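What follows is one structure encoded as structure tokens, with my remarks underneath.
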Amino acid sequence: MPELIAKSALDGQGPLIVLGTTLVPVDLGPITSVALFPKKATAVNKVLKPLGLSFPAPGTTTAGPSARLVWTGPDQAFLIGMVAPDFGAVAATTDQSDGWSALHLSGALMPQVMSRLCPLDFRLAVFKPGQAARAQLGHMNAIFWAIDDGLMILTFRSMAKTAWDELAHALHALAARVKAGV
33 MPELIAKSAL
43 DGQGPLIVLG
53 TTLVPVDLGP
63 ITSVALFPKK
73 ATAVNKVLKP
83 LGLSFPAPGT
93 TTAGPSARLV
103 WTGPDQAFLI
113 GMVAPDFGAV
123 AATTDQSDGW
133 SALHLSGALM
143 PQVMSRLCPL
153 DFRLAVFKPG
163 QAARAQLGHM
173 NAIFWAIDDG
183 LMILTFRSMA
193 KTAWDELAHA
203 LHALAARVKA
213 GV
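The sequence shown maps to residues 33 to 214 in this note's numbering.
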């Protein structure tokens, strides 16, 4: 009997490195949506405390030793990197692992690449590590968060190849302008 093997949406896609700027697919492990029930933030934080986490404030992330919580909307976050604990009657959880793909963009041209595709300001002095946002990447919904060496980008799995192509095209176009001295 054949065995099914899970593959990422960008399976086989290697890193793209152009003028010191790198685009690479990332496997983040488990991704779980955590939605707070009304007036249950304190109870959720009690569940998260043993994991070294707390529920993120709007537009932020929190990181523990083995996982990260990324704000995704009002009273919602993605728990990334570990299987979700039992939140009981304080939050709704939904496994999102198969629904999202992650890309990491870093290097000198990162803010300029992003300015071609997204209305947010991703300059390192503005969008600092620990900040998160939900916005459009071209025509696709995406979740962004800043880390020490760049930007993490989550898009729907069905849009992963399109996101890669859009980012790669913008990176190559900027590199051509730099090389031409424009």
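Each residue gets a CB set at the ideal place from its N, CA and C atoms; glycine is no exception. Because the structure is a prediction, the values reported are computed rather than measured.
Is the beta carbon of Q217 less than 8 Å from the beta carbon of G105?
The requested residue 217 does not occur in the structure, where the chain is confined to residues 33 to 214.
What three-state label does DSSP hand P82 in the structure shown?
It is helical.
Supposed contact pair G182 and S220 - C-beta distance, whole angstroms, cut 8 Å
This structure gives no information on residue 220, because the portion of the chain shown stretches from 33 to 214.
So which of L51, A109, D153 and K71 has the shortest CA-CA distance to L85?
Of the listed residues, the one whose Cα sits closest to L85 is A109.
Using only alpha-carbon positions, find the residue among M33, K71 and G113 that is nearest to T64.
With distances taken between Cα atoms, T64 lies closest to G113.
Quick one, which of T194, A207, K160 and S190 has its alpha-carbon nearest M184's?
Nearest in C-alpha terms to M184, of all of T194, A207, K160 and S190, is K160.
Which of helix, strand or coil DSSP assigns to H201:
Of the three classes helix, strand and coil, the one that applies to H201 here is helix, per DSSP.
When you compare only the Cα positions, how much space is there between G96 and V210?
Their backbone Cα atoms lie some 39 Å apart in a straight line.
Assign R155 to one of two classes, buried (16 or more other C-beta atoms within 10 Å of its C-beta) or exposed (fewer than that).
With a threshold of 16 other beta carbon atoms within 10 Å, R155 falls short and is exposed.
What residues match up with M184 in a beta bridge as DSSP calls it?
For M184, the pairing in a beta bridge is given by DSSP as H136 and W177.
Best match in A195, I37 and F188 for proximity to Q128 [C-alpha to C-alpha]:
Residue F188 holds the alpha-carbon nearest to the alpha-carbon of Q128 among A195, I37 and F188.
Rounding to the nearest angstrom, what Cα-Cα distance links A192 and T126 in this structure?
Their backbone Cα atoms lie some 20 Å apart in a straight line.
In this structure, does DSSP put R155 in helix, strand or coil?
Three-state DSSP puts R155 in coil, outside helix and strand.
Considering only DSSP beta bridges, list what M172 is partnered with.
For M172, the beta-bridge partners assigned by DSSP are L169.
Does the segment 195-209 come into contact with the segment 142-157, if we say contact requires no fewer than three beta-carbon pairs (one atom in each stretch) closer than 8 Å?
Judged by pairs of C-beta atoms under 8 Å, the segment 195-209 touches the segment 142-157, as three or more such pairs exist.
Those runs of the beta strand (DSSP E) which lie wholly inside the segment 48-122 and span at least 3 residues
Correct list: 48-50, 53-58, 63-68, 93-95, 100-105 and 108-112.
With 16 other Cβ atoms within 10 Å as the buried cut-off, status of T74:
In this structure T74 is exposed. Its beta-carbon is surrounded by fewer than 16 other beta-carbon atoms within 10 angstroms.
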